[in-house]
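Position 311 of the sequence shown, counting from 1, maps to 297 under our numbering, and the rest follow consecutively.
Here a beta-carbon is modelled for each residue, glycine too, at the ideal position from N, C-alpha and C.
These notes are about the structure you will find just below.
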Amino acid sequence: MVHIQISGKLSWEMRRNFVNLQIQEMEKIIEKRLAKELLKKLDSSERVVLTCHVRPDGDAIGSTLGLWHLLRSMGKEATVVVPDKAPQSLAFLPGFKEIAVYTSHKEFCETTVEKSDLIICCDFNTPSRQDALAPLIQGAAAPKVLIDHHTEPDSFAELTFSYPRMSSTCELVFRIIAAMGLYEKVDKDCATCILAGIITDTRNFTVNVNYPDLYDILMRLLEKDVDKDRIIKEALNTRSLNSLKLEAYALSQKMEIFPEHKCALITLDQEELKKFSYEKGDTEGLVNRPLEVRGMIYSIFMREDPDCVKISGRSCRDFPVSEICKKLYGGGGHIQAAGAEFHGSLMECRNILIANMDEFDKYLK
Ligand code: MN
């Protein structure tokens, strides 16, 4: 057997050409015209607001903060304004402390938004996803840009980047940056935020990632010296003791299995949540756990919040759990990850699902 050893490294020049070639490939997906227009808008603006959806997740914070770092390196004044507090699991992201939270700093957010000359909206498809922040953003004079990967976006922005097939808004942000020719301006902090969004939305490359060029992007981000392992540990694999115990309780005591429908259902009421001193984010990821059971196709989690029942659905093998959220509860989302809110009792909410499961059996094949 012959062992071929590759000696010597690619020269810097060769490597650079290789990088540029790859970046050009990534650009193709983004419409050149859109990228040019965004670049023009960025060039002509001084005070940019970056904003996202309520209960911001890793993708929402990663995309806004990632762009925040980029804009600052371009010498712009930029502010991330979010509807409410982001989870502690994202506090390690560079720039996290600079985020302006509308629920706690209303006046500051108002002046910042009103003074802005460009507003970039990330990771949501309709103004109502911003809750109480929506009127401020929609009422602002500054032009808006939407960057998102959810289906059927509303047309409230002058410029809309809508790519529902992408793993995450952060992937889209990276592609847009590349298409604008600003890859060189991506520093370690910017890359860290973007990778955090990709890692959280794909659950560390386990869902919605079966296409090779996402791994090209991972490579490009690793080249910026990001600490991937730390992102995974902080954003996905660190939690409070109470939340771990709540999950154990939910799985051992509250998981109902419907074998003929290949479905699992978990419900948690207010009393149970209180028992485990529930805090926002504590049930993050719980809905995915039943899918670890061999043969399980979809999983529904219903949590009784003070104002409504929050429904999350997850599925595998292209079972459209979004159809369940849409048809039964008026919600929506992605094919394999969707949600809804139900105004009524937890019991009613549960019974509606059970009474209608038959209807969705056609998708099980
Ligand atoms: Mn997202």
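- So does the stretch 169 to 176 actually touch the stretch 49 to 56, counting three or more Cβ pairs closer than 8 angstroms? yes
- Query: Taking just the CA atoms, how far does residue 68 sit from residue 330?
  - Reply: 28 angstroms
- Could you tell me which of 98, 307 and 92 sits nearest to residue 34, measuring between CA atoms? 98
- Message: Please report the straight-line C-alpha distance between residue 206 and residue 262, rounded to a whole angstrom.
- Response: 42 angstroms
- For residue 134, the three-state DSSP class (helix, strand or coil): strand
- Between which two residues does the beta strand (DSSP E) harbouring residue 192 extend? Where residue 192 is concerned, there is no enclosing beta strand (DSSP E), given that its DSSP letter is neither H nor E.
- Query: Can at least three beta-carbon pairs, one atom from the stretch 28 to 48 and one from the stretch 72 to 81, be found at a separation below 8 angstroms?
  - Reply: yes
- For residue 189 and residue 293, the rounded distance between their alpha carbons: 29 angstroms
- Task: Below 7 angstroms CB to CB, which residues in the same chain sit around residue 277 once its five sequence neighbours on both sides are set aside?
- Result: 285, 300 and 302
- Per-residue DSSP class, three states only, for residue 95: helix
- Are the beta-carbon atoms of residue 227 and residue 252 separated by less than 8 angstroms? no
- Item | Residue environment, residue 118, which counts as buried when at least 16 other CB atoms sit within 10 Å | exposed
- Query: Are the beta-carbon atoms belonging to residue 162 and residue 314 less than 8 angstroms from one another?
  - Reply: no
- Locate the alpha helix (DSSP H) running through residue 286, then write down its first and last residues. Residue 286 -> not in any alpha helix (DSSP H); beta strand (DSSP E) instead, spanning 284 to 290.
- Which whole-angstrom value describes the C-beta separation of residue 105 and residue 37, a residue pair presumed to lie in contact below a C-beta threshold of 8 angstroms? 7 angstroms
- Query: By DSSP, does residue 107 sit in helix, in strand, or in coil?
  - Reply: strand
- Query: Helix, strand or coil for residue 241 per DSSP?
  - Reply: strand
- Determine the burial state of residue 280: buried for a count of at least 16 other Cβ atoms within 10 Å of its Cβ, exposed for fewer. exposed
- Query: Under three-state DSSP, which class holds residue 209?
  - Reply: coil
- Find the nearest neighbour of residue 102 within the set 137, 157, 30 and 40, judged by alpha-carbon distance. 30
- Query: With respect to 7 angstroms, is the separation between the Cβ of residue 208 and the closest non-hydrogen atom of ligand 2 below this value?
  - Reply: The ligand content of the structure shown is limited to ligand 1, which means ligand 2 is not among them.
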